[in-house]
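Down below is the structure, laid out as structure tokens.
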Amino acid sequence: MRGLGRGQSLHFLIPPGVATLIERHAALVGALSPSGCLFPPPPHHQQQQQQQQQQQQQQQQLAPGRSVLGEICCWLVSQQITQECVQQRLLYLQSVGDVWRGAALNILKETHASIGTDKVSPSTQRALAVFLEPLEFTVSSRVPLSLPLSLRIRQLALQHADLLQAAEAAADTAAAAAAATAAAAAAADTAAATGGESVRPRLRPHQLIDKIIAALEEEEIAARRQAASSSSSSSSRDAEGDAVRLEGLEAEVEGEEQQQQEEEQEQQQEAEQEKQEETVQETEEAAPLNYTRAEETPRPWLLAALSLPPCEETHGFYAASSFSVASSLQQKLARLQQQKVTGASAAAAAVAAAAAAAAGGGPVSAAATGLPFPPYLLFSSNYFKSSWTFSSSPRRLKNIILVMQWQQDWDLPHQQQQQQQQQQQQQQQQQQMLLQQQQQAAAAAAAAAAAADAAAAAAAAAADAAACI
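Oh and the sequence shown: position 126 is 126 in UniProt numbering, straight run, nothing missing.
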């Protein structure tokens, strides 16, 4: 962002998952209450009034001096710091691996000619195995334990102990050569020729590994202290404690599990080979049938027909529960029913129906029964017409290329609610107008009554005056 000018605004598009992470981070640092909410829910989850209430309350849920924009920036900075920490840990792992990789490379430079022959030595094979990454296809039967990086580096150093010894020997040789060169330079008084530059001593392999392990252990101890002080993040550190406690048990059981897995794999392979030899795969071919393609022209329908109830005559959709493909026996019965049963043909139809019932072990009806699909699931006649169920000719089923689901608009409940609110407001206004009219009529009646009383009083006074005269 190059900066916002006066009168400009910035809109954030934050997915729900990222919003949850930002709220969790704000609650972790104490800027937000655990049950607080920085961002309103999606529009289709709650009503518009609840969204407005939450937008008004979000500033109240934040701690003093905090803002939503500030929490977003804090989360972004924390993510950058997390990425830098991950890259630093990867650099630690690569730096440690370079120690035995360098020793293995020196061994391969000297003995690479013997690779692939009978004269290859075990040390050369181990050096070559350092640069090979075997593929693991075994699936563990338990949840893997997350070991701390310092413990993993210790295990790797123990696995490559022979290469570390070779690296130490190479470092001793290099140190002796450097000392001899320095002594010769001092004897020849050539310090001025070197420009007075001092060579920085390099760490030995074991010193480098110990330094990296010590730095990682300090980070892990600090992380444990922070996890212990914060109850909300204590569960995220349980895996490391379990790994340390179960390290010895894992080392003891690992060898037995590997041996057992190898034996099981061998047994499975032998069993599969025996099955393949015993079973004879027979290819089954479908019987050749004279499939028909009559009446396959698609029937168009208007999109506005979806607003009407499902009807096969209107847009060609029928209930999926009535969908069925007739068997050959039902097709024979359909052909007999289509014929005009008169005289001998009626007797033949009865005989055929009895034979079909005897062959099927029960009464056979011409109506094919489908699966109990829910009533809202429909089939299109462009896929399979219901009249084809009892057709005399077989048909091939088409592939379903479109599944359409009809849903109401998410804004419909809000519109209905707004209409109800408008109607209520109109009713309230009408009631207020009626009340005002009633009050005005009552006031006018009271004024007329007062005027009548005044006129009566004036008339009485005039009558009294006339009587006195």
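Just so it is clear, CB atoms sit at the ideal spot from N, CA and C, and this is done for glycine as well. Predicted model only: the values in this text are computed from it and were never measured.
Are residue i and residue j touching if we call contact CB-CB under 8 Å?
i, j, result
"Leu32", "Leu76", "no"
"Ile107", "Ala166", "yes"
"Ala26", "Leu13", "no"
"Ala320", "Leu402", "no"
"Ser150", "Glu217", "yes"
"Pro310", "Phe317", "yes"
"Ser380", "Ser322", "no"
"Pro205", "Leu164", "yes"
"Asn382", "Pro298", "yes"
"Val130", "Arg101", "yes"
"Ser114", "Thr124", "yes"
"Ile213", "Arg126", "no"
"residue 486", "Phe384", "Beyond the ends of the chain as shown, which are 1 and 469, falls residue 486; an answer cannot be given."
So if DSSP puts residue i in a beta bridge, which residue, or which two residues, is it bridged to?
i, result
"Phe39", "Its beta-bridge partners do not exist; DSSP assigns none."
"Leu62", "Leu32"
In the DSSP assignment, find the alpha helix (DSSP H) that holds residue i and state where it starts and stops.
i, result
"Tyr92", "68-111"
"Gln155", "149-159"
"Val403", "Val403 -> no alpha helix (DSSP H), and no H or E assigned at all."
"Val139", "Neither: Val139 is in no alpha helix (DSSP H) and is coded neither H nor E."
"Ala127", "122-130"
"Ala219", "Ala is not the amino acid found at residue 219; the sequence shown has Glu there. Here the alpha helix (DSSP H) through Glu219 covers 205-229."
In the DSSP assignment, find the unbroken beta strand (DSSP E) run with residue i in it and report its ends.
i, result
"Ser380", "378-380"
"Ala319", "317-319"
Applying the 10 Å Cβ sphere with the 16-neighbour rule, what's the burial state of residue i?
i, result
"Ala461", "exposed"
"Ala347", "Its pLDDT being 48, under 50, Ala347 is placed unreliably by the model, and the measurement read from it follows with that caveat. Classification for Ala347: exposed."
"Ala104", "buried"
"Tyr376", "exposed"
"Glu266", "exposed"
"Thr20", "exposed"
"Glu274", "exposed"
"Thr181", "exposed"
"Thr389", "buried"
"His315", "buried"
"Ala457", "exposed"
"Ala447", "exposed"
"Glu23", "buried"
"Thr194", "In this predicted model, Thr194 has a pLDDT of only 49, less than 50, meaning its place in the structure is not dependable; the value taken from the coordinates is given anyway. By the 10 Å Cβ count, Thr194 comes out exposed."
Mind checking whether the beta-carbon of residue i lies closer than 7 Å to any heavy atom of the ligand GDP?
i, result
"Arg225", "Annotation note on the ligand GDP: not contained in the displayed structure, which lists no ligands."
Inter-stretch contact (C-beta, 8 Å, three-pair minimum) for the stretch 84-103 and the stretch 151-163: yes
Quick check: the stretch 383-402 against the stretch 289-303, are at least 3 beta-carbon pairs closer than 8 Å? yes
Do the stretch 135-151 and the stretch 77-87 make contact, defined as three or more Cβ pairs closer than 8 Å? no
Could you say if the stretch 140-154 and the stretch 210-226 meet the contact criterion of at least three C-beta pairs nearer than 8 Å? yes
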